[in-house]
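Residue numbering for the sequence shown follows the numbering used here, starting at 703 and increasing by one per position.
Some notes on the structure that comes next.
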Amino acid sequence: MKTDGWIPLEELNDSQYIWAGTKVRLYGVGLNVKDKAEDYYDYLLSYIYDNNEYLQLTNLSHGEAGNIICVIKKDQPNQYSLGRTLKEMMGIKDTYVLFE
């Protein structure tokens, strides 16, 4: 698996700030895929129009772009979520995060 710059979600601190613009990669999403290193979906954490309580994870991958996998609650009154909230919603197995 190519994970340059990607941090395993399980290694992320529970109190880490997760801002809009953060990318999340989930490996092992397809069935009967020959190359597991290329078997992943990328998601972008973004704001939801007219919703101040949640952020959404939107798929960026070809053929699935625009699909939303989940929403995560913001750490009110802040504009970010926390690592523990992302872990609860995405699970930690085969999940990586990229801060740019």
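Backbone N, C-alpha and C fix where the C-beta goes; we use that ideal spot for every residue, glycine too.
By a C-beta neighbour count over all protein chains shown, 10 Å radius and 16 as the cutoff for buried, is Tyr743 buried or exposed? To locate residue 743, count along the sequence shown from 1; it is residue 41. The residue is buried, with at least 16 neighbouring Cβ atoms inside 10 Å.
Compute the distance between the beta-carbons of Leu711 and Ile770, then report whether it is under 8 Å. On the sequence shown, position 9 is the one that residue 711 refers to. On the sequence shown, position 68 is the one that residue 770 refers to. Going by C-beta atoms, Leu711 is not nearer than 8 Å to Ile770.
Have a look at Gly723, Thr797, Thr724, Leu788 and flag the residue whose alpha-carbon is nearest the alpha-carbon of Asp716. Along the sequence shown, read from residue 1 onward, the residue named residue 716 stands at position 14. Selected option, being the one with the closest Cα: Leu788.
Euclidean distance between Cα positions of Leu762 and Glu713: Translated into the one-based positions of the sequence shown, residue 762 becomes position 60. Translated into the one-based positions of the sequence shown, residue 713 becomes position 11. About 23 Å.
Bounding residues of the alpha helix (DSSP H) (the contiguous stretch that carries Leu788): As a working mapping, residue 788 is identified with position 86 in the sequence shown. Boundaries of the alpha helix (DSSP H) harbouring Leu788: 785-792, taken from the DSSP string.
With 16 other CB atoms within 10 Å as the buried threshold, where does Ile647 fall? One cannot answer for residue 647 here, as it falls past the ends of the chain, which runs 703 to 802.
Which of helix, strand or coil does DSSP assign to Glu755? Translated into positions along the sequence shown, residue 755 becomes position 53. The answer is strand: DSSP assigns Glu755 an E or B state.
Measure the alpha-carbon distance for Tyr749 versus Gly785 and round it to whole angstroms. On the sequence shown, position 47 is the one that residue 749 refers to. On the sequence shown, position 83 is the one that residue 785 refers to. Answer to the nearest angstrom: the Cα atoms are 17 Å apart.
Nearest-angstrom Cβ-Cβ length linking Leu747 and Ala767, presumed shorter than 8 Å: As a working mapping, residue 747 is identified with position 45 in the sequence shown. As a working mapping, residue 767 is identified with position 65 in the sequence shown. Rounded, the Cβ-Cβ distance is 15 Å, inconsistent with contact.
DSSP three-state call for Leu762: helix, strand or coil? Here residue 762 refers to the residue found at position 60 of the sequence shown. In the displayed model, Leu762 falls within coil according to three-state DSSP, outside both helix and strand.
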